[in-house]
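Take a look at the structure below.
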DNA sequence: TTTTTTACTTGACATACTGTCAATAGTAAA
DNA sequence: TTTACTATTGACAGTATGTCAAGTAAAAAA
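Protein chains in written order, with our numbering: chain A, 92 to 290; chain B, 92 to 290.
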């Protein structure tokens, strides 16, 4: 109601997000969040009933700030399947570094907390829809490689651009974001576009 | 020393492994392990100084039982790069389901426990060596796709056959193991083998 | 057979986390 | 001024890990 209530809620969420980005994957306690905001641990519970609720609120907040949907819509104007595929890797590949901390935090609780898992799966479902749109456009244009069923192609596409793969290539192997994007684009085009129909 | 000591140690490790497979990813307490073996929680600490030590011992035990090294050596007799690539996906793709529980348990503690992370990375390093061998054979035969540097090819190959990708395709998307193996083989061959040199 | 060692037991304790509850203090709106 | 809201401290139950001490039971060594 009051703007103050919104403020403290937002401050808690932002502190949580900041901690997620700082302590990649390491679990964050309610006490840590409270200390960062400068309030008591119990005060956090006045705004969020549980750790899970706070994490989900943080996820929703980041979604809103980072406007993934908007970014995805932006390239829906792509005029061909190949352009769609490329835009998909571009947008998503540049988006991942911005949400990496959040993603690690949510993925870390995935096995023990159904609610955060659901929140995360919802995000991944959106990505999957984009993958489906891309594959369906390729198919409609008749350039989807014939060895793939549409469903299998969507699932493989979606798996290839997962955060885990981005993490392994960039964080573990030291690839740059552009290197990741270029290689991934090439791999996906080669895999899903009918070789007979290439220019 | 005595066979009894070995026995109880082994019983604890086997119980831990069983729990890992049953409770995929959900964390296992020392109390759970003790109850499963039928001894007191403190007795577990007589054999393993910490939870971490128990998990690493379990990982080593499984490695020994499942003989990944032996399996990998078995196909080192492959007579060509393409055969090596296929054998790699075959062996690894059939191996993953057998160690999925262990892998999930180790990966879950990865962010908070450096020691288990190191144990897991060691396993993954072995896999990476196999990927390197495959790519180097392809390169020596002159059929590695020219757009890939050897190092990049190894890293992408290694990433493609990661457990996360297997998990997403089989557990989440419902693919069968053979479906996974066939699709992955095709994708990897298409990606890494020079298109001009195909039969 | 008696002693000693080994393996294990129970119970208590320190620490750190989540989540709840009650009593209290300060502040802003009615 | 009274009321409602926000936050505070402190206590508590519950669940973990990990440590410590005292005691038991059985096998190996004397």
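The C-beta atom is built at its ideal place from N, Cα and C for all residues, glycine as well.
- Query: From A:271, A:202, A:133 and A:188, pick the residue whose C-alpha is nearest to that of residue 111 (chain A); which is it?
  - Reply: A:188
- Query: Can you give the beta carbon distance from residue 180 (chain B) to residue 276 (chain B), rounded, assuming they're within the 8 Å contact cut?
  - Reply: 5 Å
- Query: Considering only residues of the same chain and omitting the five flanking positions on each side of residue 100 (chain A), which have a CB-CB separation below 7 Å?
  - Reply: 138
- Message: Against chain B, does residue 94 (chain A) count as a neighbour if the rule is that its beta carbon must be under 8 Å from one of theirs?
- Response: Note that residue 94 (chain A) scores a pLDDT of 44, beneath 50, so its modelled location is shaky; the value from the coordinates is reported in the next line. Not one chain B Cβ lies under 8 Å of residue 94 (chain A).
- Message: Is there a C-beta anywhere in chain B that falls below 8 Å from the one on residue 259 (chain A)?
- Response: yes
- Message: If distances are taken between C-alpha atoms only, which option among B:244, B:161, B:152 and B:215 comes closest to residue 228 (chain B)?
- Response: B:244
- Task: Quick one: grab the DSSP three-state call for residue 115 (chain B).
- Result: coil
- Under the three-state DSSP convention, the category residue 110 (chain A) falls into: helix
- Task: Rounded to whole angstroms, what's the CA-CA distance from residue 234 (chain B) to residue 284 (chain B)? Just pull it up for me.
- Result: 6 Å
- Query: Under the three-state reduction of DSSP, which class applies to residue 99 (chain A): helix, strand or coil?
  - Reply: helix
- Query: Cβ of residue 172 (chain A) within 8 Å of Cβ of residue 271 (chain A)?
  - Reply: no
- Message: What does the Cβ neighbour count give for residue 253 (chain B), buried or exposed, with the cut at 16 atoms within 10 Å?
- Response: buried
- Task: Would you check if the segment 193 to 211 of chain B and the segment 112 to 125 of chain A touch, i.e. whether three or more CB-CB distances between them fall below 8 Å?
- Result: yes
- Message: I'd like to check one pair, residue 103 (chain B) with residue 124 (chain B): are the Cβ atoms closer than 8 Å?
- Response: yes
- Message: As an exercise, report each continuous beta strand (DSSP E) stretch of at least 3 residues that is fully enclosed by the segment 161 to 189 of chain A, in chain order.
- Response: none
- Item | Whole-number beta carbon distance between residue 218 (chain A) and residue 150 (chain A), since they are thought to touch under 8 Å | With a Cβ gap of about 14 Å, residue 150 (chain A) and residue 218 (chain A) do not count as contacting.
- Within chain B, partners of residue 247 (chain A) - CB distance below 8 Å: 260, 274 and 278
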